[in-house]
Amino acid sequence: MIVAAIAAALVSLTTILAATAETPGVDAQPQAQVRRVGEKLLYSLHGEMSQSIRGTDASGRSVVQSPPATSIKGHENISVTALSASAVKLHRSGSITAMVQGAKPITNASQGWTSIDSRGIVTKDKGKLGGLFLLPLAFLGDRAMNGGNELQVGDRWSATLGTKLYGMSARPRLQYAVLGQRRVLGVNVFTIRATGTVRMKEPVVTTSGVLLGYATGPAQMTVQCDYDRENRRLISLDVDVRDTLRYAGRTKRVSGRVQDHQRYLVALDASSMVGGLRGTVGSDPLPDATTPPPPTNQNSQPAPHSQY
């Protein structure tokens, strides 16, 4: 099932701080701070993916299926290993568990070495920790939100997200708006909402494993997050992607419609929220032109590396 295959490349969450007690009212606008080598950010992720297909196969037979949704949960440890004027280098490790009703849960663990620029755009990524694990990185650049400018309630701007999710042909262009400002665990955060459309292309596979073709079309993406501007980091994130795509095969008989829904929740753990953790961090063992070694956990199958 295509949903289960997609989930194998995604990531984790255990604590959603959006439910944390909050205190209204804030102080003067915080001043930006840069990342620091040794800084650690621990994120947890939850998600659910569903897909329905209605159409015909190569024999002209009707295909109608709505398999059970795939649920995912996991965690990610992000460590800052090096800084320069143009890049933040990160070592990332984590695991993900995919669950489908009636099937045994599957857990994969892996690691990766990633660089982002000041806009939060992923410029290099090695390893097999893609997908949802890349979402928090899009908010770590000094200019990731509103070009690095001060934030105020009512601000609006347009920008391209630093990464993309499964099926997206390109990084989505979103319209951002600052909705509010408050404190969470003593940290000054801005609530920001972004919406936009993005072009999708994905394989259409039946529950029996038959490839019908590729579905294309636009998807509607909605993002809402709590953002710590002072420390340039994501506190919590809610991502919703919905689409209705059309697919066609090699013959005129193969055609139909696919509906997808992806929903992901990402949150910074309380230990990182209070001030971040310091400790020994991983380092990139190989030059950029070579292939990284397999994950240290040899008992688990790594998630396939992809654009998810």
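FYI, my numbering numbers position 135 of the sequence shown as 143, with every residue one higher than the one before it. Beta carbons are placed, not taken as given, at the ideal position from N, Cα and C, and that holds for glycine. Bear in mind the structure is a predicted one, so any value in this text is a computation, not a measurement.
For Ser6, collect the residues of the same chain with a Cβ closer than 8 Å to its Cβ; drop the 5 residues on either side in sequence, then sort them by chain order. Limits of the chain in this structure are 9 at one end and 316 at the other, which puts residue 6 out of reach.
Whose C-alpha, out of Glu84, Ala66, Ser60 and Arg43, is nearest the C-alpha of Ser52? Glu84
Exposure label - Gly175; buried when at least 16 CB within 10 Å: buried
What does a CB cutoff of less than 6 Å around Glu210 pick up in its chain, not counting 5 residues either side in sequence? Gly175 and Ala223
Within 10 angstroms of the Cβ of Ala178, are there 16 or more other Cβ atoms? Answer buried if so, exposed if not. exposed
Beta strand (DSSP E) containing Ala106: first to last residue? Val96 to Val108
Three-state secondary structure (DSSP) of Gly55: Note: Gly55 maps to strand in three-state DSSP.
Under 8 Å, with one C-beta from each stretch per pair, do the region 252-271 and the region 155-171 reach the 3-pair mark? no
Could you name the residues of the same chain whose beta carbon sits closer than 6 Å to that of Gln267, not counting the 5 residues immediately before and after it, in chain order? Ser60 and Thr252
In chain order, which alpha helix (DSSP H) runs of at least 4 residues are fully inside the region 219-297? Listed in chain order, the complete alpha helix (DSSP H) runs (minimum 4 residues) inside the region 219-297 are 278-282.
Same chain only: Cβ atoms within 6 Å of Arg201, ignoring 5 sequence neighbours per side: Cβ neighbours of Arg201 beyond the five flanking positions: Ala185, Leu187 and Gln232.
Give the secondary structure of Pro144 by DSSP, where H, G and I count as helix, E and B as strand, and everything else as coil. Under the three-state reduction of DSSP output, Pro144 falls in the helix class.
DSSP state of Asn157, grouped into three classes? Asn157 falls in the coil class under three-state DSSP.
Taking the alpha-carbon of Phe141 as reference, which of Val282, Gly120 and Ala152 has the nearest alpha-carbon? Residue nearest to Phe141 within the set Val282, Gly120 and Ala152 is Gly120 (criterion: CA-CA distance).
First through last residue of the beta strand (DSSP E) which encompasses Asp133: Val130 to Gly135 is the span of the beta strand (DSSP E), which, as asked, contains Asp133.
How would you call Val212, buried or exposed, if buried means at least 16 neighbouring beta carbons within 10 angstroms? Burial call: buried.
Tell me the rounded alpha-carbon separation between Leu242 and Ser67. 49 Å
Shortest alpha-carbon distance to Lys132 belongs to which of Ser166, Met107 and Gly170? Gly170
Does the beta-carbon distance from Gly225 to Arg181 come in below 8 Å? Against a cut-off of 8 Å, the Cβ pair of Arg181 and Gly225 comes out as no contact.
At what residues does the beta strand (DSSP E) containing Glu47 begin and finish? It is not in any beta strand (DSSP E) - Glu47 carries neither H nor E in the DSSP assignment.
Which listed residue (Glu47, Ile86 and Ser58) has its alpha carbon closest to that of Arg271: Closest option to Arg271, judged by alpha-carbon separation, among Glu47, Ile86 and Ser58: Ser58.
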